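**Q**
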Amino acid sequence: MKSRSRVMSLKERFLNNPHGTRSIQKYLQHMQAIVDDFALVDSPLSKDDLVLYTLASVGLELKEIVAALRARDTPISFDELYNKLGDYEIHFKKDKPTLSFYIAMANYTHRQNRFTSQTTPHHGNTSSGRNNDQFSHRGNNTDFLNSFVKNLDHKVFAQDLSPLHQFLGVEVINTPNGLFLSQHRHIDELLHTFGITGTKEVYTPMCNTSALTLQNGSSHLEPTPYRKLVGALQYLSLTRPDVCFAVNSLSQIMHSPTERHWTAFKRLLRYLKATIHHGLYLCRGTPLTLQAFNDSDWGGDRDNGRSTIGYIFYLGSNTISWKSRRQKSVSRSSSEAEYKAIADSTAEILWVTNLLEELGLTVPKSPALFCDNTGATYLCSNPVFHSRMKHIALDYHFVRECVTNGSLRVHHISTKDQLADILTKALGRPQFLHLRSKIGVTNGASILRGRVNDSLSCKKQSPASHALSVGCLPLS
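Counted the way the UniProt record's numbering counts, the sequence shown spans residues 1 to 476.
(1) Exposed or buried, Asn-373, counting other C-beta atoms within 10 Å across all chains shown (16 or more means buried)?
(2) On the three-state DSSP scale, how would you describe Asp-301?
(3) DSSP puts Phe-293 in a beta bridge; with which residues?
(4) Helix, strand or coil for Lys-416? Go by DSSP, reduced to three states.
(5) Specify the secondary structure class of Ile-320 as computed by DSSP and reduced to three states.
(6) For Thr-213, which of helix, strand or coil comes out of DSSP?
(7) Give me, in chain order, the residues of the same chain whose beta-carbon lies closer than 8 Å to that of Ala-274; leave out the 5 immediate sequence neighbours on both sides.
(8) Using the rule of at least 16 other Cβ atoms within 10 Å of the residue's Cβ for burial, across every protein chain shown, is Glu-80 buried or exposed?
(9) Could you tell me the alpha carbon to alpha carbon distance between Pro-287 and Arg-13, rounded to whole angstroms?
(10) Kindly indicate which three-state DSSP category Glu-401 falls into: helix, strand or coil?
(11) Rounded to the nearest angstrom, what separates Ile-342 and Val-247 at their Cα positions?
(12) Tell me whether Glu-222 sits in a helix, a strand or coil according to DSSP, three-state version.
(13) Would Ala-426 pass as a contact of Phe-245 if the rule is Cβ separation under 9 Å?
(14) Measuring CB atoms only, is the segment 395 to 405 touching the segment 270 to 284, in the sense that at least three cross pairs come out at less than 8 Å?
(15) When you compare only the Cα positions, how much space is there between Ser-182 and Ala-337?
(16) For the alpha helix (DSSP H) containing Asn-354, list its first residue and its last residue.
(17) Give me whichever residues DSSP pairs with residue 491 in a beta bridge.
(18) Is the Cβ-Cβ distance between Gln-291 and Leu-369 less than 9 Å?
(19) Under the three-state reduction of DSSP, which class applies to Lys-155: helix, strand or coil?
(20) So for His-411, helix, strand or coil by DSSP?
(21) In the DSSP output, what is Thr-442 paired with across the bridge?
(22) By DSSP's criteria, Val-170 is part of a beta bridge. Which residues make up the other side?
(23) To the nearest whole angstrom, what separates the beta carbons of Ser-366 and Leu-408, a pair I think is in contact under 8 Å?
(24) Can you give the Cα-Cα distance for Ser-210 and Arg-267, rounded to whole angstroms?
(25) Thinking Phe-78 and Val-51 are a contact (beta carbons under 8 Å), I'd like their distance in whole angstroms, please.
(26) Check this for me: beta carbons of Phe-180 and Gly-444, under 9 Å apart or not?
(27) What span of residues does the alpha helix (DSSP H) with Ser-57 cover, start to end?
(28) I'd like the list of long-range same chain contacts for Leu-45, defined as Cβ closer than 7 Å, with 5 residues on each side in sequence excluded.
(29) Excluding the five sequence neighbours on either side, which residues of its own chain have a C-beta within less than 6 Å of the C-beta of Tyr-82, listed in chain order?
(30) Measure the C-alpha to C-alpha separation of Leu-250 and Arg-429 and round it to an integer number of angstroms.
(31) Applying the criterion that 16 or more other CB atoms from any shown protein chain within 10 Å of the CB defines a buried residue, is Gln-25 buried or exposed?
(32) First and last residue of the alpha helix (DSSP H) that includes His-261?
(33) Grouping DSSP H, G and I as helix and E and B as strand, with all else coil, what is Arg-325?
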């Protein structure tokens, strides 16, 4: 039975419930308990109101993740908000240093696939990562790391494999000047499984003369095997940004694949056969400059008119993050599509910046983002808010705030120098090979054969430095 005094008391509790110094988990659990009490007195609280109040009342230390959540195209449920804020606090909130060994042990015994990082005066910076039964750790204090491994072996059964050579199926090869990440064994298994070993090789992952659509082909395939194949390719794209767009395109049609889509899948395997020894090369000693390239293919999806966005991030000359995905809503102009892509890239930039700080790395300059759409780049720094942009107001204010407070610099770049172009559309062979050479994907055949002569040369110059020198327009 509804009681007015009880409802008023609950509203007072709800409105006077600041985050304070509590952990985000305890705070959100308390919020949910109040919401449950509202339901018991037959006065349920809207989930949207709960999410909005939570975002407005959490502490300033969570402002980056809150800004990213506000920039989303779609609403977020309270359960999803609970998970994201909890993960953010566990992963990236800097607490007072404690003994790293016990943090790692708690991480292991509770069987959580977590990343932990701690900086202490005596042990330096130490970070650990775990997935199922594989555990990796790094740090700048060798004595402490050796002691850490020894203590870990006393608590749980652990086998020390010395320097990292393989983790979650990714082969890690040390060279004099850097690291080479390869999944050639995974590619070889795919080729043998689908009988592609004797077929003709191709040198681009997708045909650039015909687009994949839902109407391609008339004979439909069983979707379950197709989904398994795409899942295997998605894991491969973790070290191969050159196939990211192709995998994203194939994954859009998993509910109703046809023979035409199967042909496109086999073409991608033929490309992987030609580049089986290619992998991602990470150079040592590059400058700590964070740069992002951002692009969109306006209306590129012929089934629904949505745009495909892509971004690629560099730390110095090393490719560290990339993404290719279809936007969740139709953009009415190329500038709008590009600006939505900039908002997504900005959220990722804040995430990467916080991760680097957690690892004890400080980026001396604010990150630079490069976009080839003049209208979108001017909108980032132009204080005039045009009426035609009101429907993307959250994206607009989110990016503008980051530019104003110095967290981000946006530059215009010519289309021919836009490296993210490889993540938004199928390209012809000359342009594809040119961009592939710029995004860190390199032929490591000599390294994989054991001749570690480090024939791969590291470019100390960042990918954007040449573009800036030939006349890019700084807009912030």
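Glycine residues also receive a C-beta, built at the ideal position from the N, C-alpha and C atoms. As the structure is a prediction and not an experimental result, all values here were calculated from the model.
**A** Checking against the coordinates, here is how it stands:
(1) buried
(2) coil
(3) Ile-312, Phe-370
(4) helix
(5) strand
(6) coil
(7) Glu-201, Val-202, Tyr-203
(8) exposed
(9) 51 Å
(10) helix
(11) 22 Å
(12) coil
(13) yes
(14) no
(15) 34 Å
(16) 334 to 358
(17) The structure shown does not extend to residue 491, since the chain is modelled only from 1 through 476, so no value can be given for it.
(18) yes
(19) Confidence is the limiting factor: at Lys-155 the pLDDT is only 49, short of 50, which leaves the residue's position unreliable, though a coordinate-based value still follows. Helix.
(20) strand
(21) Gly-279
(22) Phe-167
(23) 6 Å
(24) 13 Å
(25) 6 Å
(26) yes
(27) 47 to 57
(28) Val-35, Phe-38
(29) Leu-28
(30) 20 Å
(31) exposed
(32) 259 to 274
(33) strand
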